[in-house]
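I have placed the structure first, in the form of structure tokens, so that the comments after it can refer back to it.
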Amino acid sequence: MASISFRNINKFYEASQAVADFNLEIADGEFVVLVGPSGCGKTTSLRMLAGLEQPTGGRIYLGGQDITDVPSKSRALAMVFQSYALYPHMTVAENISFALTLQKVPKSEIARQVQQAAALLGIDHLLSRKPRALSGGQRQRVAVARAIIRNPQAFLFDEPLSNLDAKLRHSARVEIRKLQQNLGTTTVYVTHDQIEAMTMADRIVVMEGGRIRQVGTPMELYRNPNSKFVASFLGSPPTNFIDGECVHENGSARFVAESMEIPLNPMTASGPVTVGIRPEHITPVKTASDQIRISGGVRFVEALGAETLVDLDLGVAPAASRTVTARLAGQHNLAAGTKLEIGFSPRDMMLFDAQGNAVSGAFC
Amino acid sequence: MNIVRGAAPVRAAPLQAAPITKRVRATALVPWLYLAPTLLLLGVFTYWPLLQTAYLSLIDWNLNPSQPAEFVGLENYGRVTGSTLFQAALLNTLIYIGASIPLKVLLPIPVAVFLWSMGQRGHLYRAILFMPTLISFVVVGIAFLWILNPIFGYAKVIFAELGLRFPNLLADPDAAIWVIIGISTWKVLGFNVLIYLAGLASINKEFIEAMRMDGAGDVTIFRRLIWPLLTPTLTFVAISTIIFTMQQVFTPIDLMTEGGPSNSTTNLFYMIYQYSFVTFDVGGGAAGTMILFGFLMIMAFVQFRVLDRRAQYQQ
Numbered sequence: 001m002a003s004i005s006f007r008n009i010n011k012f013y014e015a016s017q018a019v020a021d022f023n024l025e026i027a028d029g030e031f032v033v034l035v036g037p038s039g040c041g042k043t044t045s046l047r048m049l050a051g052l053e054q055p056t057g058g059r060i061y062l063g064g065q066d067i068t069d070v071p072s073k074s075r076a077l078a079m080v081f082q083s084y085a086l087y088p089h090m091t092v093a094e095n096i097s098f099a100l101t102l103q104k105v106p107k108s109e110i111a112r113q114v115q116q117a118a119a120l121l122g123i124d125h126l127l128s129r130k131p132r133a134l135s136g137g138q139r140q141r142v143a144v145a146r147a148i149i150r151n152p153q154a155f156l157f158d159e160p161l162s163n164l165d166a167k168l169r170h171s172a173r174v175e176i177r178k179l180q181q182n183l184g185t186t187t188v189y190v191t192h193d194q195i196e197a198m199t200m201a202d203r204i205v206v207m208e209g210g211r212i213r214q215v216g217t218p219m220e221l222y223r224n225p226n227s228k229f230v231a232s233f234l235g236s237p238p239t240n241f242i243d244g245e246c247v248h249e250n251g252s253a254r255f256v257a258e259s260m261e262i263p264l265n266p267m268t269a270s271g272p273v274t275v276g277i278r279p280e281h282i283t284p285v286k287t288a289s290d291q292i293r294i295s296g297g298v299r300f301v302e303a304l305g306a307e308t309l310v311d312l313d314l315g316v317a318p319a320a321s322r323t324v325t326a327r328l329a330g331q332h333n334l335a336a337g338t339k340l341e342i343g344f345s346p347r348d349m350m351l352f353d354a355q356g357n358a359v360s361g362a363f364c
Numbered sequence: 365m366n367i368v369r370g371a372a373p374v375r376a377a378p379l380q381a382a383p384i385t386k387r388v389r390a391t392a393l394v395p396w397l398y399l400a401p402t403l404l405l406l407g408v409f410t411y412w413p414l415l416q417t418a419y420l421s422l423i424d425w426n427l428n429p430s431q432p433a434e435f436v437g438l439e440n441y442g443r444v445t446g447s448t449l450f451q452a453a454l455l456n457t458l459i460y461i462g463a464s465i466p467l468k469v470l471l472p473i474p475v476a477v478f479l480w481s482m483g484q485r486g487h488l489y490r491a492i493l494f495m496p497t498l499i500s501f502v503v504v505g506i507a508f509l510w511i512l513n514p515i516f517g518y519a520k521v522i523f524a525e526l527g528l529r530f531p532n533l534l535a536d537p538d539a540a541i542w543v544i545i546g547i548s549t550w551k552v553l554g555f556n557v558l559i560y561l562a563g564l565a566s567i568n569k570e571f572i573e574a575m576r577m578d579g580a581g582d583v584t585i586f587r588r589l590i591w592p593l594l595t596p597t598l599t600f601v602a603i604s605t606i607i608f609t610m611q612q613v614f615t616p617i618d619l620m621t622e623g624g625p626s627n628s629t630t631n632l633f634y635m636i637y638q639y640s641f642v643t644f645d646v647g648g649g650a651a652g653t654m655i656l657f658g659f660l661m662i663m664a665f666v667q668f669r670v671l672d673r674r675a676q677y678q679q
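From first to last, the protein sequence lines are chains A and B.
The first sequence begins at 1 in my numbering and counts up by one.
The second sequence begins at 365 in my numbering and counts up by one.
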């Protein structure tokens with residue numbers, strides 16, 4: 001087990017830059033999730049840590065030692081691949097024990113450790129099977145068993161759950177997290193699924209276009225996203241954005257978007273801005289006196305039982321229609337076209353400038 | 365049909381029985397109609413000639429239709445197997461096969477792995493290696509006859525430049541067979557490399573990366589991953605190359621050495637040709653063919669038993 005640090009990592013593929021100025025310190029035993037849309041450089045960063053790609057510039061440290069030029073086979077890192085990459089010609093037991101046989105561990109010791117790892121993952125009855133005779137979920141467990149048996153410095157996961165169905169994904173999420181907490185092994189986990197990031201991570205690293213956009217605990221990122229991108233990426237359904245303008249008048253400032261007006265902190269710079277409000281912060285009932293109330297026509301309703309997602313059309317003109325999604329607890333009997341008044345508190349709102357950066361303390 | 369039958373008067377039933385049986389018979393015939401083209405072709409061009417050859421191997425005949433064929437029993441077999449030509453041909457056949465395993469079956473593997481590891485840059489070399497496969501073997505044979513010509517050949521000229529004397533390889537009973545083996549290897553190498561490349565392309569790159577992460581070096585990866593996953597391809601290449609080699613070398617033998625010098629390059633195929641169409645000894649040629657047939661059957665059986673058992677098949 002060891003700490004990991006990326007210092008000024010850059011990666012170019014011919015002319016295009018995959019990772020730019022990547023700096024990250026991962027503490028010993030920490031579970032860090034790299035999350036972002038396809039092509040954001042998260043997998044490339046993980047592969048550079050694994051030694052499967054060589055960074056164009058910068059250094060990578062593992063437990064304080066510079067491993068940038070150390071080949072993968074000597075890095076003592078274990079990786080779980082998206083395809084699981086189980087050796088098709090070997091049995092489950094041979095797959096799990098392969099690294100130990102290379103290390104010339106005595107046979108009886110290998111058998112004991114394989115048994116232990118398999119029992120931990122509930123695959124001890126599958127040891128003599130070949131990978132082709134396993135289900136997706138079983139393969140995923142074998143891949144994890146193969147990683148933990150090595151007692152590595154760190155676990156690297158590359159989208160390990162993306163080939164599983166939704167139900168299995170949920171239980172696998174919990175199991176991987178529990179396993180990591182029991183073993184206390186430093187873990188770097190790559191995913192494009194924000195739910196995996198939110199539920200599993202000690203810290204999340206949000207990436208976009210090869211750059212880190214924000215690093216923080218799941219709740220930090222949820223409460224205080226530093227940009228429109230982070231606000232939109234984390235949370236489901238995504239944050240509602242309303243484009244408008246910050247207007248100063250008689251020493252006070254207001255956010256103006258068509259008929260909507262919201263008072264702003266006078267320190268806010270004037271010009272085009274965007275307001276963000278999460279769907280779960282919108283309520284139909286008036287809970288506080290300072291709530292901002294707006295009304296719109298119901299456009300579409302998704303009833304999920306425990307909650308109801310309502311798409312509201314706030315647009316004045318049909319051409320410039322503006323939709324917000326509200327996530328209402330419980331069941332609501334709303335037909336499309338119904339007029340609905342909703343409200344949200346300024347405390348839950350976020351403001352972003354024209355560049356998409358968060359403006360803190362914009363709402364009084 | 366049931367409705368029609370049920371609605372018909374009872375008296376009419378025996379009358380209808382005949383067309384129904386006819387229809388049933390026609391239905392039973394349908395699968396045979398589908399099989400007919402294949403069965404016909406196999407029968408006419410494979411199994412009938414095989415039986416005919418077996419019959420011909422028991423008679424004495426000189427291919428002249430007006431000459432009566434005389435039944436001689438197994439005498440042809442004794443005559444052929446006792447001849448020095450057959451003994452030389454059998455020995456050479458074994459040499460051709462023995463040499464083709466390391467040269468045509470195994471040598472392409474490192475070449476293919478090397479080209480594969482080069483990625484995109486390997487494409488050009490792949491094309492260059494494949495080129496000989498596309499050239500007619502007749503052209504290849506003539507080209508090499510020119511190169512190796514002891515009087516005006518390129519090899520002689522180049523050796524002379526270096527102050528060396530180029531030996532007349534095709535006239536040397538010990539060397540001539542290796543010239544044929546060399547040329548046939550050169551011709552088939554690129555093709556087999558291509559087949560191995562196809563086999564390698566089916567190996568998921570993540571297997572290799574996973575093995576690297578497990579602490580394996582290049583040699584271990586080749587030995588424990590690439591080799592076992594390549595065995596189905598190896599089986600195919602081995603069987604096709606060995607069977608193909610026996611026929612493939614016919615052209616250069618006929619063109620460059622005609623089996624000589626002193627039967628040092630002939631093989632069973634060429635021997636049969638000599639018996640049947642050079643000396644018109646139909647019985648001898650047919651007996652040789654039957655022996656070759658048995659030989660190939662044994663080869664195929666051994667190969668399937670030995671190689672197929674060891675082959676690792678992917679999902």
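Note that beta-carbon positions come from the ideal geometry of N, C-alpha and C, so glycine has one too.
Since the structure is predicted, the reported quantities are computational estimates derived from the model, not experimental observations.
>> Less than 9 Å between CB atoms is the rule here; does D578(B) satisfy it with respect to chain A?
In response: For the purposes of this step, residue 578(B) is taken as the residue at position 214 of the second sequence. D578(B) counts as touching chain A.
>> Measuring straight from C-alpha to C-alpha, what distance separates I423(B) and P432(B)?
In response: Walking along the second sequence from the start, residue 423(B) turns up at place 59. Walking along the second sequence from the start, residue 432(B) turns up at place 68. So the alpha carbons of these two residues sit roughly 10 Å apart.
> Of all the CB atoms in chain B, is at least one closer than 9 Å to the CB of Q181(A)?
Replying inline: Reading the first sequence from its first residue, position 181 is the one you call residue 181(A). Not one chain B Cβ lies under 9 Å of Q181(A).
> Out of curiosity, what's the CA-to-CA distance linking N532(B) and S626(B)?
Replying inline: If you number the second sequence from 1, residue 532(B) lands on position 168. If you number the second sequence from 1, residue 626(B) lands on position 262. Those two C-alpha atoms are separated by around 15 Å.
> Mind pulling the chain A residues with CB within less than 8 Å of P592(B)?
Replying inline: The residue you call residue 592(B) lines up with position 228 of the second sequence. What P592(B) touches in chain A: H89.
> Which whole-angstrom value describes the C-beta separation of L127(A) and T91(A), a residue pair presumed to lie in contact below a C-beta threshold of 8 Å?
Replying inline: For this step, residue 127(A) is matched to residue 127 along the first sequence. For this step, residue 91(A) is matched to residue 91 along the first sequence. Sure, about 7 Å apart at Cβ, within 8 Å.
> Should M482(B) go down as buried or exposed, given a rule of 16 or more other Cβ atoms within 10 Å for buried?
Replying inline: Taking the second sequence and counting its residues from 1, one reaches residue 482(B) at position 118. It counts as exposed.
>> Measuring only the C-alpha atoms, how far is A133(A) from E570(B)?
In response: As a first step, residue 133(A) must be located in the first sequence, where it is residue number 133. As a first step, residue 570(B) must be located in the second sequence, where it is residue number 206. Between A133(A) and E570(B), the C-alpha separation is close to 19 Å.
> Where do the N-terminal and C-terminal ends of the beta strand (DSSP E) with A535(B) fall, by residue?
Replying inline: Sequence index remark: in the second sequence, residue 535(B) carries index 171 (1-based). Unbroken run through A535(B): none, as it is neither H nor E.
>> Looking at the strands, I want to know which residues DSSP matches up with M350(A).
In response: By one-based count along the first sequence, residue 350(A) stands at place 350. The partner list for M350(A) (beta bridge, DSSP) reads G276(A).
> Which of the three DSSP states, helix, strand or coil, is assigned to M90(A)?
Replying inline: The residue labelled residue 90(A) in the question sits at position 90 within the first sequence. If DSSP states are grouped into helix, strand and coil, M90(A) belongs with coil.
> If we cut at 9 Å on Cβ distances, does L121(A) have a partner in chain B?
Replying inline: Stepping through the first sequence from its first residue, residue 121(A) is reached at position 121. No, L121(A) lies away from the interface with chain B (no Cβ there is under 9 Å from its Cβ).
> In whole angstroms, what is the alpha-carbon distance linking A507(B) and Y639(B)?
Replying inline: Taking the second sequence and counting its residues from 1, the one referred to as residue 507(B) is at position 143. Taking the second sequence and counting its residues from 1, the one referred to as residue 639(B) is at position 275. So the two alpha carbons sit approximately 28 Å from each other.
> Which class does E53(A) belong to by DSSP, given the choice of helix, strand or coil?
Replying inline: Locating residue 53(A) in the first sequence gives position 53, counting from the first residue. Looking at E53(A) - three-state DSSP - the assignment turns out to be coil, as it is neither helix nor strand.
>> I need the straight-line Cα distance from V601(B) to L561(B), nearest angstrom please.
In response: Looking up residue 601(B) in the second sequence gives position 237. Looking up residue 561(B) in the second sequence gives position 197. One C-alpha to the other measures close to 12 Å.
> Where do the ends of the alpha helix (DSSP H) carrying K569(B) lie?
Replying inline: Taking the second sequence and counting its residues from 1, the one referred to as residue 569(B) is at position 205. Run containing K569(B): K569 to M577, per the alpha helix (DSSP H) assignment.
> For chain A, is any of its Cβ atoms less than 9 Å away from the one on L393(B)?
Replying inline: Indexing the second sequence from 1 puts residue 393(B) at position 29. So, not an interface residue.
> If the cut is a Cβ gap below 7 Å, which residues of chain A does L733(B) touch?
Replying inline: Chain B is shown from 365 up to 679; residue 733(B) falls before or after that span and cannot be answered.
> At what residues does the beta strand (DSSP E) containing R434(A) begin and finish?
Replying inline: Residue 434(A) lies beyond the range of chain A shown here (1 to 364); nothing can be said about it.
>> Can you tell me whether F157(A) is buried or exposed? The criterion is at least 16 other CB atoms within 10 Å of its CB, across all chains shown.
In response: Position 157 of the first sequence, counted from the start, is the residue given in the question as residue 157(A). Answer is buried; the Cβ neighbour count reaches 16.
> Between L52(A) and chain B, is there a C-beta pair that is closer than 9 Å?
Replying inline: As a working note, residue 52(A) is residue 52 in the first sequence. Judged by the 9 Å Cβ criterion, L52(A) is in contact with chain B.
>> My output table needs one value for A318(B): the three-state DSSP class, helix, strand or coil.
In response: The displayed coordinates of chain B run from 365 to 679. Any statement about residue 318(B) would go beyond what the structure contains.
> If you draw a straight line from the alpha carbon of A201(A) to that of L34(A), how long is it in whole angstroms?
Replying inline: If you number the first sequence from 1, residue 201(A) lands on position 201. If you number the first sequence from 1, residue 34(A) lands on position 34. C-alpha separation (whole angstroms): 9 Å.
> Listing by chain order, which chain A residues have their CB less than 7 Å from the CB of N532(B)?
Replying inline: Indexing the second sequence from 1 puts residue 532(B) at position 168. Going along chain A, no residue has its Cβ under 7 Å from N532(B), so there is no contact; the nearest lies around 50 Å.
> Any idea if K178(A) is buried or exposed, counting beta-carbon neighbours within 10 angstroms, 16 or more meaning buried?
Replying inline: To locate residue 178(A), count along the first sequence from 1; it is residue 178. K178(A) should be labelled exposed.
> Among Y411(B), N456(B) and N428(B), which one has its Cα closest to the Cα of A539(B)?
Replying inline: Here the question's residue 539(B) lines up with position 175 in the second sequence. The candidate whose alpha carbon is nearest that of A539(B) is N456(B).
>> I'd like the span of the alpha helix (DSSP H) that includes Y634(B), first residue to last.
In response: Residue mapping note: residue 634(B) aligns to position 270 of the second sequence, counting from 1. Where Y634(B) is concerned, the enclosing alpha helix (DSSP H) stretches over L632 to Y637.
>> Restricting to runs no shorter than 3 residues, where is the beta strand (DSSP E) found entirely within the region 125–187 of chain A?
In response: 154–158
> Which of the residues in the region 54–73 of chain A, read from start to end, lie with their CB under 7 Å from any CB of chain B?
Replying inline: S72 and K73
>> Can you give me the C-alpha to C-alpha distance between G184(A) and V32(A), rounded to a whole angstrom?
In response: As a position in the first sequence, residue 184(A) is number 184, starting the count at 1. As a position in the first sequence, residue 32(A) is number 32, starting the count at 1. Spanning the two alpha carbons is a distance of roughly 13 Å.
>> Check for me: the alpha helix (DSSP H) holding P596(B) runs from which residue to which?
In response: Translated into positions along the second sequence, residue 596(B) becomes position 232. W591 to Q612 is the span of the alpha helix (DSSP H), which, as asked, contains P596(B).
>> List, in chain order, every chain A residue whose beta-carbon is nearer than 7 Å to that of G581(B).
In response: The residue you call residue 581(B) lines up with position 217 of the second sequence. The contacting residues are K73.
>> Would V557(B) and R490(B) qualify as a contact pair, given that the criterion is a beta-carbon distance under 9 Å?
In response: Counting from one through the second sequence, the residue named residue 557(B) turns up at place 193. Counting from one through the second sequence, the residue named residue 490(B) turns up at place 126. For V557(B) and R490(B), yes; Cβs fall inside 9 Å.
>> Can you look up I499(B) in the DSSP assignment and give me helix, strand or coil?
In response: Within the second sequence, the letter at position 135 stands for residue 499(B). I499(B) falls in the coil class under three-state DSSP.
> So T308(A) is in the beta strand (DSSP E); what residue range does that whole segment cover?
Replying inline: Against the first sequence, residue 308(A) aligns to sequence position 308. Start and end: E307 to D313.
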